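> Those sequence lines, one after another, are chains A and B.
Mind the numbering: the first sequence is residues 0 to 221 in numbering that gives the first Met the number 0, read in order.
Mind the numbering: the second sequence is residues 0 to 470 in numbering that gives the first Met the number 0, read in order.
Built from N, CA and C at the ideal position, the CB exists for glycine as well.
Please read these numbers as outputs of a predicted model, since none were measured by experiment.
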Amino acid sequence: MSARETILARVRAKLPKGPEGSRREAVELHMAQHPRNLIPERGQGDEAHRIRVFTEMMVAVGGTVEIIDDVNEVPHAVSVYLRDGNLPAVVRRGSDPLLARLPWHRGGALEVTEGPAVDADRASISHAFAGVAESGTIVQVSGPENPTTLNFLPEAHIVVLESAALFASYEEAWTKLRKTMGEGNMPRTVNMISGPSRTADIEQTIVRPAHGPKNMHVIIVR
Amino acid sequence: MDLGAANFKDNVGKALADDKLQHAMTETGPRFVYKRTKAREALPEFDRLRDQARDIKDHVLDHLDIYLEKYEAKVKETGGHVHWAETPDDARAAVLEICRKANARMVTKGKSMISEEIDLNQYLEANGITPVETDLGEYIIQLRNERPSHIIAPAVHLTRDQVEADFRRVHTHLDPKRDLTEIPSLVEEARGVLRQKYLTADIGITGANFLIAETGTSIIVTNEGNGDLTQTLPKVHIVLASIEKLVPTLEDATTILRVLARSATGQDFSNYTTFSTGGRRPGDLDGPIEYHVILLDNGRANVLGTEFQDMLRCIRCGACLNHCPVYNAVGGHAYGWVYPGPIGSVITPALIGIENAKHLPNASTFCGRCEEVCPMRIPIPKMLRHWREKEFERHLQPTSMRWGLGFWAWMAKRPKLYRKATALAARVLANQAHGKGRLKKVPLASGWTEFRDLPAPQGKTFHQLWKERRP
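1) Quick one: residues in its chain with C-beta nearer than 7 Å to the C-beta of B:Leu157, no 5 flanking neighbours on either side, listed in chain order?
2) Is there at least one Cβ from chain A nearer than 9 Å to B:Lys69's Cβ?
3) Using a C-beta cutoff of 9 Å, does B:Pro233 count as contacting chain A?
4) Would you kindly report the start and end of the unbroken beta strand (DSSP E) that includes B:Leu295?
5) From B:Ala240 to B:Ala52, what distance separates their C-alpha atoms?
6) Applying a beta-carbon distance threshold of less than 8 Å, which residues of chain B neighbour A:Ser21?
7) Within the chosen definition, does the segment 448 to 461 of chain B reach the segment 424 to 437 of chain B through at least 3 CB pairs nearer than 8 Å?
8) Mind listing the chain A neighbours of B:Gln51? Cutoff is C-beta to C-beta under 8 Å, in chain order.
9) Taking the runs of the alpha helix (DSSP H) that are 4 residues or longer, which of them lie wholly in the segment 357 to 415 of chain B?
10) Whole angstroms are fine: how far does the CA of B:Met410 sit from the CA of B:Leu416?
11) Check A:Lys16 in the structure and name its three-state DSSP category.
12) Along chain A, which residues have their Cβ under 7 Å away from the Cβ of B:Asp64?
13) Given a threshold of 16 other Cβ atoms within 10 Å of its Cβ, counted over all protein chains shown, does B:Ala473 qualify as buried or as exposed?
14) Measuring straight from C-alpha to C-alpha, what distance separates B:Lys176 and B:Arg167?
15) Would A:Asn190 and B:Thr272 qualify as a contact pair, given that the criterion is a beta-carbon distance under 9 Å?
16) Please classify B:Glu250 as buried or exposed, where buried requires at least 16 neighbouring CB atoms within 10 angstroms.
17) Output needed for B:Arg143: all residues of its chain with C-beta closer than 7 Å, excluding positions within five of it in sequence on either side, in chain order.
18) Which residues of chain A have a Cβ atom closer than 9 Å to the Cβ of B:Thr205, listed in chain order?
19) For B:Gly405, does the count of other Cβ atoms within 10 angstroms reach 16, so buried, or fall short, so exposed?
20) Within the continuous alpha helix (DSSP H) that includes B:Phe45, where are the two ends?
21) Assuming B:Met105 is part of the beta strand (DSSP E), what are its boundary residues?
22) Can the beta-carbon of B:Val235 be found closer than 9 Å to that of B:Pro281?
23) Using only CA atoms, which one of B:Val345, B:Asn355, B:Thr171, B:Asp88 lies nearest to B:Cys313?
24) Going by beta carbon distance, what residues of the same chain come within less than 6 Å of B:Pro367, once the five residues before and after it are set aside?
25) Identify the contact partners of B:Pro247 in chain A, using a Cβ-Cβ distance below 9 Å as the criterion.
26) Using a Cβ cut-off of 9 Å (strictly closer), state whether B:Val94 contacts chain A.
27) Could you check the C-alpha separation between A:Pro212 and B:Glu223 for me, to the nearest Å?
28) With distance defined between alpha-carbon atoms, name the residue in A:Glu27, A:Gly135, A:Ile218 nearest to A:Val60.
29) Thinking B:Gly331 and B:Ser114 are a contact (beta carbons under 8 Å), I'd like their distance in whole angstroms, please.
30) With which residues is B:Ser275 paired in a DSSP beta bridge?
31) Assuming contact is defined by CB atoms lying nearer than 9 Å, are A:Arg197 and A:Pro208 in contact in what I supplied?
32) Using only the alpha-carbon positions, how far apart do B:Met310 and B:Ile377 sit?
33) Please classify A:Ile192: is it buried, with 16 or more other beta-carbons within 10 angstroms of its beta-carbon, or exposed?
34) Can you say whether B:Ser111 is buried or exposed, counting buried as having 16 or more other CB atoms within 10 angstroms of its CB?
35) Where DSSP assigns a beta bridge to B:Glu132, which residues make up the other side?
36) Taking 8 Å as the cut-off, does the segment 172 to 181 of chain A touch the segment 113 to 123 of chain A (at least 3 CB pairs, one atom from each stretch)?
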């Protein structure tokens, strides 16, 4: 018997005896309906509330948030952010359509490179799939539009989040993902990110960054 | 497998005499407790979420065979590979085979308790493959050739000067005159050293906090981002998981995630919660090409349907460790194996046998805080009692203890004699105290009086007082 068969047989022998059909049905029903469990109140509310809670939570964990009204202001905001952070005016992005069509010339001397991040990159920008107010969390999905390495290798990670995708809870992000990908399907990677990288492994003292970005800057486009 | 778990009593003696350890434990222990309390207060729904989290896992455990099959089918559908492993040997062999096929020389590793359970690092080294731990705490203890002393804070038993000494010993390529007195400089040095490892590793190995049956997804939760660099940069990603990590859906995983970080570090959510499903997709410019999951049993299936089944709900948050008076006094290494603290005292006998875990079920004052703070509502004290029963049944306790218990039981079943004897003992002890109210030495009780005085009885027993005062 293979290890697989042995383990499954052992599990079955130990489980409560019941009609196999109804056990299977219970599982299939639960997976097909994927009901939501209790969702905390915290993030629930109108757009202004969600932006306020998101900002509070993100700032509390060491991130920064900027709110703009016109997506075309993003290049300027990025260039100011990099200048204020004493970073070179270079930013890496993927092939994301929204980021690709921005008027980058408005960023002045800002140079925009395309592709996955490399070790030498100091700053990256990605387009958020969703935001979650509840805990100040950004949801990123992998793909050539926003390669995963952009989230982790550079020192500064800038994220553009449209307020329409800023949800109260994680559950709404899952609903959006199911609509995009189809039931039961996931992209290779979904990254939920709440603030810059940190560690408390030495004497429980919080230090930023550990291995990932030192700064996380979210630009919310209202 | 080292069986230090059998030496709990000796380990405790050493731990209590270790000044550095005592300093680390008294400085850091209370911080976890405070942080969790704050996080709980900030979320009014917290306790109801704990109930739901418990129910989700109970449902999974009752249908585990079906969820395992569903999960496996979904992983395969997304191009991933599942390797079933009955024993640590099977798991190690599966990892090595993947490494050999990829011609791997160096692997980076995110934090994984399963890796500790199967002693993977030692095995890889013996087979010519260099494992590099990338979680800062794990990196430090790897340099020291130690086991983690805490499930989520592996180096919690160490002080910064000990870490500095290790870095100076190992990072010999750096300027010996560099200043490493502050913690941020230690973190920065580790960041620099490990960044090169991420970029050159052939394989990345991580653990899994959860496996989702609905989507064939594994989840890791970190704050450092080390797990993500570990699994994103190399060509192959290996996930080490055990069979009880299953949850049905994204929604169910989300509910348990809401209680995990709050219970562990007091964060609302960990910095990085990562959902991984298969290898690279068409068009992907980064990420692993191959995705493998090792599914380990190692005794877990045998726990199903027994009085210990509830321990399989554990999500390894470490809250029971942080709130345990015994753990906080002796640290994690005294427990002698992989999983320390109250939950460790329940898991260890189940996985390596009660005869090898001996005293662990007694490493508890039964104060009940572990159960009170457990996000999955695992009745830890009840299960420790069950293990004590098994210990007694199998004659594993010291003879003196068995005789003592036997004598006490004999007395307790004879109430008249019991009352007379206890009244006499109370009077004698009260006299011996010479009016000071405490005793420095008592025959047969040196285990107590060596460390503190025994409060002397006031001269009367409860029964005598009750008789006098009853209206």
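In terms of the structure at hand:
1) Ala23, Ile139
2) yes
3) no
4) 289 to 295
5) 19 Å
6) Those within 8 Å of A:Ser21 in chain B number zero; the least Cβ separation is about 11 Å.
7) The answer is yes - the segment 424 to 437 of chain B touches the segment 448 to 461 of chain B, with three or more Cβ pairs under 8 Å.
8) Asn36, Leu37
9) 368 to 372, 379 to 392, 398 to 411
10) Their Cα atoms are separated by approximately 7 Å.
11) Residue state, collapsed to three classes: coil.
12) Leu7, Val10, Arg11, Leu14
13) A query on residue 473 of chain B cannot be resolved here, the shown segment of chain B reaching from 0 to 470 and no further.
14) 10 Å
15) yes
16) buried
17) Asp165
18) Per Cβ cutoff of 9 Å: no residues; B:Thr205 is ~12 Å from chain A at best.
19) exposed
20) 45 to 61
21) In the DSSP assignment, B:Met105 falls within the beta strand (DSSP E) that extends over 105 to 108.
22) no
23) B:Val345
24) Going by the sequence as given, residue 367 of chain B is Gly instead of Pro. Excluding positions up to five away in sequence, the list reads Pro380.
25) Val26, His29, Met30, His33
26) no
27) Their backbone Cα atoms lie some 9 Å apart in a straight line.
28) A:Gly135
29) For a cut-off of 8 Å, the C-beta gap from B:Gly331 to B:Ser114 is around 16 Å, too long to register as a contact.
30) A:Thr188, B:Ser217
31) Yes.
32) 6 Å
33) buried
34) buried
35) B:Lys108
36) no
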